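Going by my numbering, the sequence shown opens with residue 20, and the numbers climb by one from there.
See below for the structure under consideration.
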Amino acid sequence: MEDYWKEGEGCALRGIVNGRMWLAQSVIVVRDEPDETVLLLLPGAECAFPKVYWRWKRGGDRSQGTRWQEAREAHIALR
């Protein structure tokens, strides 16, 4: 069986909630086998996430909704 991803190749790991992406994280493929995929997440790697998540993470401000509400609305911003 041929691997879908090659070792050392960059790819995006996406978090999906209710059929919509709420997080995208850049990772590097370490190994991709039929029964296991190993990814490397390096410090400082780029990611995209809803704006409200950053507000919530930094101060607990939920006045404009939760990260799950914003994920449903698909307001993803690269941070």
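For every residue, glycine included, the Cβ atom is placed at its ideal position computed from N, Cα and C.
Note that the structure is a prediction, hence the values are computed from the model and not measured.
Contact between I47 and G29 holds, with the beta-carbon distance rounding to 6 Å and staying under 8 Å. By the neighbour-count criterion, in which a residue is buried when 16 or more other Cβ atoms sit within 10 angstroms of its Cβ, P69 is buried. Annotated as distal: D54 and E26, with beta-carbon spacing of 9 Å or more. Annotated three-state conformation of D54 is coil, per DSSP. Counted as a single uninterrupted DSSP element, the stretch harbouring P62 is not any beta strand (DSSP E), since DSSP gives it neither H nor E.
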